[in-house]
Amino acid sequence: MEVGKCNYSRERFLDSIDFIGIKPDNYHRQETYKKQLFYHFTVSGRGAKGDINWWINSDNRISTQFVIDYRGKIYQLFSTKYFGRHLGVKQSVFKEKLSENDLVYYNNRIVNNFLLDKHSVGVELDTWGPLMSSKNKWYPVKKSRLKSKFVPNKNLNPIHESRIVFFDKPYKGFHAYEKFTDEQLESARWIAIYLNETYGIPLDYNEGMFNVNNRALKGEPGIWTHTSVRKDKFDCMPQPEFIEMLKSLK
Numbered sequence: 058m059e060v061g062k063c064n065y066s067r068e069r070f071l072d073s074i075d076f077i078g079i080k081p082d083n084y085h086r087q088e089t090y091k092k093q094l095f096y097h098f099t100v101s102g103r104g105a106k107g108d109i110n111w112w113i114n115s116d117n118r119i120s121t122q123f124v125i126d127y128r129g130k131i132y133q134l135f136s137t138k139y140f141g142r143h144l145g146v147k148q149s150v151f152k153e154k155l156s157e158n159d160l161v162y163y164n165n166r167i168v169n170n171f172l173l174d175k176h177s178v179g180v181e182l183d184t185w186g187p188l189m190s191s192k193n194k195w196y197p198v199k200k201s202r203l204k205s206k207f208v209p210n211k212n213l214n215p216i217h218e219s220r221i222v223f224f225d226k227p228y229k230g231f232h233a234y235e236k237f238t239d240e241q242l243e244s245a246r247w248i249a250i251y252l253n254e255t256y257g258i259p260l261d262y263n264e265g266m267f268n269v270n271n272r273a274l275k276g277e278p279g280i281w282t283h284t285s286v287r288k289d290k291f292d293c294m295p296q297p298e299f300i301e302m303l304k305s306l307k
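Each residue of the sequence shown is one higher than the one before, counting from 58 in the numbering used here.
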């Protein structure tokens, strides 16, 4: 991927979006300022419509504002003024990682996760994520019957090596992930720039963003990934092209 030559313009970005407009039951229709951007990946096959339909048919308000398919097509599910439940950080994590002064209580419950959701924008990138090999082929993973470990999901088509990023040192226990495409990363860049222009979300690269980060948990403004607040999540992996894109923003 060649960085530093982004042909972004606000008008071009807005014209490129396919606005889906999911029903208000799927998110919180409350206007809030935004200070964080969290990148996720979908853990699904190519094409974003299935993920969008899942959210449309759900009533739990778990959703992100944007989904980017493998071709770089941007789908917007609802306005960035509003918010969805996309992080799911347990109260115990905040209690373990943050000082008492950083915890926010409502009716004796820690509500830091709600505040993170409320003041952030979520962006999903369409990819299977972690992969495992079987007979020299690489497959998306699934939980075993006992749900005690991951195994290759051979009910799905194997992923061609041209679509895989390999790590010498496993990330979150996996040596291989289906990588983000150049087109996805360019669209992810456009969204970051747009949110910086709109809400002032900083574009600095945050070292340590691929593991649980106290700064992210505290709500520090900036760009993060789901793994910045959840040690049980894999999204997003430190793909070199992804890191290169993030570093090129500033």
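Positions of the beta carbon are idealized from the N, C-alpha and C atoms, including for glycine. Being a predicted model, the structure only gives us computed values, none of them experimental.
Item, Value
"Chain-order list of residues whose beta-carbon lies under 8 Å from that of Ser-201 (same chain, five-residue window excluded)", "Phe-207, Val-208"
"Buried or exposed (CB count within 10 angstroms, at least 16 for buried), Leu-71", "exposed"
"Spatially closest choice to Asp-239 from Phe-299, Lys-211, Asp-75, by CA coordinates", "Phe-299"
"7 Å Cβ cutoff met for Thr-121 and His-143", "yes"
"Beta bridge counterpart(s) of Gln-133 as assigned by DSSP", "Phe-76, Phe-123"
"Cβ pair Tyr-127, Asp-75 closer than 7 Å", "no"
"Contact the region 82-100 vs the region 134-150: 3+ CB pairs below 8 Å", "yes"
"Endpoints, the beta strand (DSSP E) within which Asp-225 is located", "221-228"
"Pro-297 versus Gly-279, Pro-259, Leu-242, Lys-275, residue with shortest Cα-Cα distance", "Leu-242"
"CB of His-97 within 7 Å of CB of Asp-261, strictly", "no"
"Neighbour-count burial assignment, Tyr-90, 16 or more Cβ in a 10 Å radius", "exposed"
"Residues that Arg-166 bridges to, as DSSP identifies them", "Tyr-163"
"For Tyr-234 and Phe-223, the rounded distance between their alpha carbons", "7 Å"
"Cβ contact (3+ pairs, closer than 8 Å) linking the region 159-168 and the region 208-220", "no"
"Outcome for Leu-160 when other beta-carbon atoms lying within 10 angstroms are tallied against a minimum of 16", "exposed"
"Short Cβ contact (7 Å threshold) for Asn-210 with Pro-197", "yes"
"C-beta atoms of Ala-249 and Leu-306 nearer than 7 Å", "yes"
"Proximity winner among Ile-113, Gly-179, Ser-156, Glu-153, relative to Ile-258 (alpha-carbon distances)", "Gly-179"
"Separation of Asn-268 from Glu-254, as counted between CA atoms", "27 Å"
"Option nearest Phe-123 by Cα separation, candidates Lys-106, Asp-225, Pro-295", "Lys-106"
"The alpha helix (DSSP H) enclosing Met-302, as first and last residue numbers", "297-305"
"Spatial distance of Glu-68 from Val-146 (CA atoms)", "35 Å"
"First through last residue of the alpha helix (DSSP H) which encompasses Thr-255", "239-256"
"Of the listed residues Glu-88, Gly-104, Glu-277, nearest to Trp-185 (C-alpha basis)", "Gly-104"
"Opening and closing residue of the beta strand (DSSP E) in which Gly-276 lies", "Careful: Gly-276 lies outside any beta strand (DSSP E) and carries neither H nor E."
"Straight-line gap, Pro-278 to Gln-93 (C-alpha atoms, nearest Å)", "5 Å"
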